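Count along the sequence shown from 1, then add 28; that gives the number in the working numbering.
The beta carbon of each residue, even a glycine, is placed where N, CA and C say it ideally should be.
Everything numeric in this text was worked out from a predicted model, so none of it was measured.
Worksheet: the structure to be examined is printed underneath.
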Amino acid sequence: MSLRFTVSKSDGDRRPSDIQGEVNQLFEGDEPNTSTAAEGEDAAGTDVVVVLKGDSNPKESSPFINSSDAAAEKSQQYDGKNMALFEEEMDTSPMVSSLLSSLANYSNLPQGSKEHEEAENNEAESSRKKPVKAPQLGTLMGVYLPCIQNIFGVILFLRMTWLVGIGGVVGTFVIVFMCCTTTMLTAISMSAIATNGVVPAGGSYYMISRSLGPEFGGAVGICFYLGTTFAGAMYILGAIELLLIYIAPKAAIFPLEGLEGAEAEAALLNNMRVYGTILLFSMATVVFVGVKYVNKLALVFLACVILSILAVYAGVIKTGIDPPEFPVCLLGNRTLVWKTFDVCAKTIESANGTVTTQLWRMFCDSPLLNATCDKYFTANNISQIQGIPGVTSGILTENLFGTYYEKGDLIARNYMESAEDQDDPLTNANRYVLADIASYFTLLVGIYFPSVTGIMAGSNRSGDLRDAQKSIPVGTIAAITTTSFVYMSSVILFGACIEGVVLRDKFGEGVHGNLVIGTLAWPSPWVIVIGSFFSTCGAGLQSLTGAPRLMQAIAKDGIVPALRIFGHGKANGEPTWSLLLTACICEIGILIASLDAVAPILSMFFLMCYMFVNLACALQTLLRTPNWRPRFKFYHWALSFLGMSLCLTLMFLCSWYYAIIAMLIAGSIYKYIEFAGAEKEWGDGIRGLSLSAARYALMRLEEGPPHTKNWRPQLLTLVSTDSEQNIEQPRLLSLTNQLKAGKGLTIVGTALVGSYLENQEQTQRAEQALRKLMETEKVKGFCQVTVSSNLRDATSHLLQASGLGGLKHNAVLVSWPRNWRQGDEHQTWRNFVELVRETTAAHLAMLVPKNIAAFPSNGERFTEGHIDVWWIVHDGGMLMLLPFLLKQHKVWRKCKIRIFTVAQLDDNSIQMKKDLTTFLYHLRIEALVEVVEMHDSDISAYTYEKTLVMEQRSQMLKQINLTKNEREREIQSITDSSRGSIRRKNPAAVTTQLSVTEEPVAASKEEKPEEEVQLIHDNTTPTTPATPATLLTPTEGAKSPGEQVQMTWTEKCDGEPAKPPGAATPEGIKDIFNMKPEWENLNQSNVRRMHTALRLNEVIIKKSSEAKLVLLNMPGPPKNRSGDENYMEFLEVLTDGLNRVLLVRGGGREVITIYS
29 MSLRFTVSKS DGDRRPSDIQ GEVNQLFEGD EPNTSTAAEG EDAAGTDVVV
79 VLKGDSNPKE SSPFINSSDA AAEKSQQYDG KNMALFEEEM DTSPMVSSLL
129 SSLANYSNLP QGSKEHEEAE NNEAESSRKK PVKAPQLGTL MGVYLPCIQN
179 IFGVILFLRM TWLVGIGGVV GTFVIVFMCC TTTMLTAISM SAIATNGVVP
229 AGGSYYMISR SLGPEFGGAV GICFYLGTTF AGAMYILGAI ELLLIYIAPK
279 AAIFPLEGLE GAEAEAALLN NMRVYGTILL FSMATVVFVG VKYVNKLALV
329 FLACVILSIL AVYAGVIKTG IDPPEFPVCL LGNRTLVWKT FDVCAKTIES
379 ANGTVTTQLW RMFCDSPLLN ATCDKYFTAN NISQIQGIPG VTSGILTENL
429 FGTYYEKGDL IARNYMESAE DQDDPLTNAN RYVLADIASY FTLLVGIYFP
479 SVTGIMAGSN RSGDLRDAQK SIPVGTIAAI TTTSFVYMSS VILFGACIEG
529 VVLRDKFGEG VHGNLVIGTL AWPSPWVIVI GSFFSTCGAG LQSLTGAPRL
579 MQAIAKDGIV PALRIFGHGK ANGEPTWSLL LTACICEIGI LIASLDAVAP
629 ILSMFFLMCY MFVNLACALQ TLLRTPNWRP RFKFYHWALS FLGMSLCLTL
679 MFLCSWYYAI IAMLIAGSIY KYIEFAGAEK EWGDGIRGLS LSAARYALMR
729 LEEGPPHTKN WRPQLLTLVS TDSEQNIEQP RLLSLTNQLK AGKGLTIVGT
779 ALVGSYLENQ EQTQRAEQAL RKLMETEKVK GFCQVTVSSN LRDATSHLLQ
829 ASGLGGLKHN AVLVSWPRNW RQGDEHQTWR NFVELVRETT AAHLAMLVPK
879 NIAAFPSNGE RFTEGHIDVW WIVHDGGMLM LLPFLLKQHK VWRKCKIRIF
929 TVAQLDDNSI QMKKDLTTFL YHLRIEALVE VVEMHDSDIS AYTYEKTLVM
979 EQRSQMLKQI NLTKNERERE IQSITDSSRG SIRRKNPAAV TTQLSVTEEP
1029 VAASKEEKPE EEVQLIHDNT TPTTPATPAT LLTPTEGAKS PGEQVQMTWT
1079 EKCDGEPAKP PGAATPEGIK DIFNMKPEWE NLNQSNVRRM HTALRLNEVI
1129 IKKSSEAKLV LLNMPGPPKN RSGDENYMEF LEVLTDGLNR VLLVRGGGRE
1179 VITIYS
């Protein structure tokens, strides 16, 4: 491949050779030579064409934006003032003049046979690249004649008369009409696609793949390749059949003389295999040596075809005037093989009297008149009829309807009586003409259809046409019209001219071994025999030339990784490896050795190809894609659908099992490309169909919420990223995969802080990181990144805007904020609580895994263990559904489900267990059931102390977040009111200059036990407790934005005013650590909640400490925001000491049902 661009000489001080030299040096990595810059004044103002030789990888070049030409135009200087308004966009939006010039010079011709010939002829001048001449072929030479040559083939000469004889004129005409209609409708669809823009060389494969996408394109392209390859095998078998039966029967390696039945058939097949392999090797060698020889012989082969057809028409005309002498010998109504006898009679009269003939000796044991003869021979007379009675004989009426045979049946003349005993066995079978295969209507369809293939020959040469958009439709449709007329007229004329027994005689055994169509030709049968032999050889060469190039095009597209090796070839681009593969596949067809068996195989592949051409046109028309603007206007989607339906019908008519095999092959290739192939975006119709189907489905989803039976968690998974946009909680996506098992909707979202315009690069990095992790964790879904001025708003935007129409998330999966007690993480837990409130307001379910790092990856397996569900309040059944979904995944499959529920003092625990067991039975969920009784008990001193520490911590957090001025006002207020209580009704959002530090959670857990023991055992004496490690120590710190916190004073949940601790002076701030635990002043609501959390935690640890996963109801946040930090503390206490916890909050609707 070479890139050509123009360097304009504007300074007039360098010669063209200098510029070329500089370019060469630049691309070799050297510094450009500027020593000769003063030479060459006379060359000023000239343009220099610089040729850059690139790699040979095929790229789908485009003359539009961002193409190589457009990139070259970037280097031009736009000195004019008229374009100043757009000068900053010149690199992405080229000027109209440059666009039009690149369009005018646009050419996208891959190296075809013409270039191969030039490369071979000019090997000595390989250093100089000759410019490729513009294609000059018109409609006649470029499309019409190649189509004629490819459509007329071996079937017309070897099987057409037999088809008419077996199927009758009416049946065969129906077959021909169906097949020709199919190809005409396909040609109309193909013309529409071919005229919808420039079609580079590659023809049908290019059109299908770019219209239906890489998966369909690859599958159908390979089917088309296999069809073309098997066509080569069929043509070779046809040529060998002509050679061994009609031209040189003596050349058979396995002689047929004296053999009968299966032995004779096996000998013929072996001859076909040996000679077929020899001919295939010879043809492959010719193609390998040089395509130019094939192309030069193409006109000779075409002349043979046309002359042969003209000879047939001339012979038909002659039969009306003077029918030729081709007698057929009948014994009764049975046709005799006319090979070993000369006279069609039992006896002849001579001067010596009655003498027996050679025919007599064939059926009798001696030449004497009193010899013992075959019963049928004795009972019936010998008669001789004219094999070709002529077009005016009226024989057409006898040939109107078909006669189908089983294998081995006698070819007998209709409407003629014979004396035979049905009980007598058939003797001397080799003396009669027999049916070599069982025949039926669908078989005839499969054998005939290859004779109408070849309509793609014009589009395959699109790169060589002067005006492809005009020539392809006109030439192809004209060729199909011509060939259809020839085929249909042939059916009628053969039926009107030739005797029925001769038509049904496939190999012409009854007419001295002549080719049946040859008996009709004028001036001699040899015109047809020799002409058809050369035309079949030519068609075989064309197939062996075209098929490797098709495979090379598929391989170079890179959509099928396993075929990449076949994209390589000789230095001039000849597809050597593809040719080798084609020859091997072709050999398979030759080993089948039967023309009648190979024909239906290639019919399947061609029909599938044509079906998808029609589908492509219909899809593009119905979807009305903006780029669908064909110059050819005589098409309609209904015609394309009709053509597609005909193709499908013909496939199953030909052979239903071949059709299924072909579809399985295409389907397998499709799935292989889908999973392993390269991703290509070709603007194909399937993408448009997907969009239309998606829009339709989304509109249907809008009609109402899903039924409870169809409810499944459609997850919005919220993850956080670090400064490098790496995902901080990868195990969240593992849990997502385990919950979803590839079903339903999954959106993985993350939020970034800042301005979108300034953070586009970070956004792209974050999106790439999400996609990569989703691919690693096998999460099928979408990713979304939002940017906002703060994290809270960005998360809220994700929650509100994710999804489309009815395809929205109904559950949010977010990780528990770890280290939330640390001072610099205060905004994290505030955001978390707000997120809980928003999901509740939006009626979304919420899943919060705690200790997410301890959750299993997708590669781990639990061989035993339990998933424990603590069903405390009913939330619509989420707690029942989630463990069932988890058990569908291989990680959790061997775990057992245990369901615990809590009974109060007045509950009947035995009845509760029975009811819950029945409920689970109706839900079809297998689980162990246990009811835990929790009796009322006094609130312990530890509960009071825990609540007091929590409230002190809460008040201290508020205190240290006061600004200096507010602290001074606080001191003054306390002094004036003698340390009275303070109520602030108007909260103010302020920032602090203090940093908050906290020991890690693990450390605080280690230091708690002593204090807890003291509090529990010494609960009678209200002693001053030791300062817990979880209390915060205010210190002066950095003023980084990350440490700015919000502070508000609000009323408590129960309406009591918040009470700041005793002192407010700098010395007084320390006094909060020495406060007495005045339990009677504690918020009783908080005390009750702490009591519940501690009791539940105690019971859960007792029952589920060894469980692999604990699921429990997540209580809602307080309505008053002043208790948010207390809410976090309650949840922490509730789940303390558990390894893996999944907090679940329902979305306010039932998600599981007992009904079918």
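Can you tell me the Cβ-Cβ gap for residue i and residue j, rounded? I've got them flagged as a contact below 8 angstroms.
i	j	result
Ile582	Leu591	6 angstroms
Ile236	Gly249	7 angstroms
Met908	Met1142	About 15 angstroms; that fails the 8 angstroms criterion.
Arg865	Pro1145	6 angstroms
Phe252	Phe633	7 angstroms
Gly1176	Gly904	7 angstroms
Ala485	Pro589	At roughly 30 angstroms, the Cβ-Cβ gap does not stay under 8 angstroms, so Ala485 and Pro589 are not in contact.
Met906	Asn1154	25 angstroms between Cβ atoms; not a contact.
Leu270	Tyr303	That pair is no contact at about 11 angstroms.
Thr975	Val1115	5 angstroms
Met672	Leu643	5 angstroms
Can you have a look at residue i and say buried or exposed, based on whether 16 or more other CB atoms are within 10 angstroms of its CB?
i	result
Ala725	exposed
Asn847	exposed
Leu761	buried
Ser631	buried
Phe561	buried
Phe258	buried
Ser683	buried
Glu892	exposed
Only counting the same chain, and skipping five residues up and downstream in sequence, which positions put a Cβ closer than 6 angstroms to that of residue i?
i	result
Glu434	Ala466
Val322	Leu569 and Thr573
Ser512	Cys208
Val182	Tyr263, Gly266 and Thr564
Glu145	Note that Glu145 scores a pLDDT of 45, beneath 50, so its modelled location is shaky; the value from the coordinates is reported in the next line. Around Glu145: Lys320.
Phe354	Gly415, Ile416, Val539 and Thr547
Leu1171	Val876 and Met1142
Asp896	Arg926, Ser1132, Ala1135 and Val1138
Phe1	The displayed coordinates of the chain run from 29 to 1184. Any statement about residue 1 would go beyond what the structure contains.
Thr946	none
Let me check one thing: in DSSP terms, what residues is residue i bridge-paired to?
i	result
Asn1114	In DSSP, Asn1114 forms no bridge with anything.
Gly381	Ser378
Leu287	For Leu287, which the question treats as bridged, DSSP gives no partner whatsoever.
Asn1141	Val1172
Pro877	Leu1170
Val960	Val930
Ile925	Ile895
If I measure Cβ to Cβ from residue i and keep anything under 7 angstroms in the same chain, skipping five residues before and after, which residues do I get?
i	result
Pro417	Pro351, Ile423 and Glu527
Asn380	none
Arg532	Trp190, Gly193, Ile194, Thr431 and Ile439
Phe640	Ile236, Leu240, Phe244 and Val248
Asn754	Ala797
Leu670	Leu213
Asn298	Phe282
Leu173	Leu330
Gly166	Arg494 and Ser499
Worksheet item: Using 8 angstroms as the Cβ pair cut-off and three pairs as the minimum, do the stretch 436 to 445 and the stretch 352 to 371 touch?
Response: The stretch 436 to 445 is in contact with the stretch 352 to 371.
Discussion item. Quick test of the definition: if touching needs 3 or more C-beta pairs under 8 angstroms, does the stretch 1165 to 1175 touch the stretch 1113 to 1133?
Written reply: Flag = yes, the stretch 1165 to 1175 and the stretch 1113 to 1133 touch.
Item to complete: Inspect the CB distances between the stretch 325 to 339 and the stretch 381 to 391 and report whether three or more fall short of 8 angstroms.
Response: They do not touch, by the three-pair rule.
Worksheet item: Between the stretch 453 to 464 and the stretch 603 to 611, are three or more C-beta pairs nearer than 8 angstroms?
Response: No, they do not touch.
Worksheet item: So, do the stretch 818 to 833 and the stretch 768 to 779 have three or more beta carbon pairs nearer to each other than 8 angstroms?
Response: The stretch 768 to 779 and the stretch 818 to 833 touch, with three or more beta-carbon pairs separated by less than 8 angstroms.
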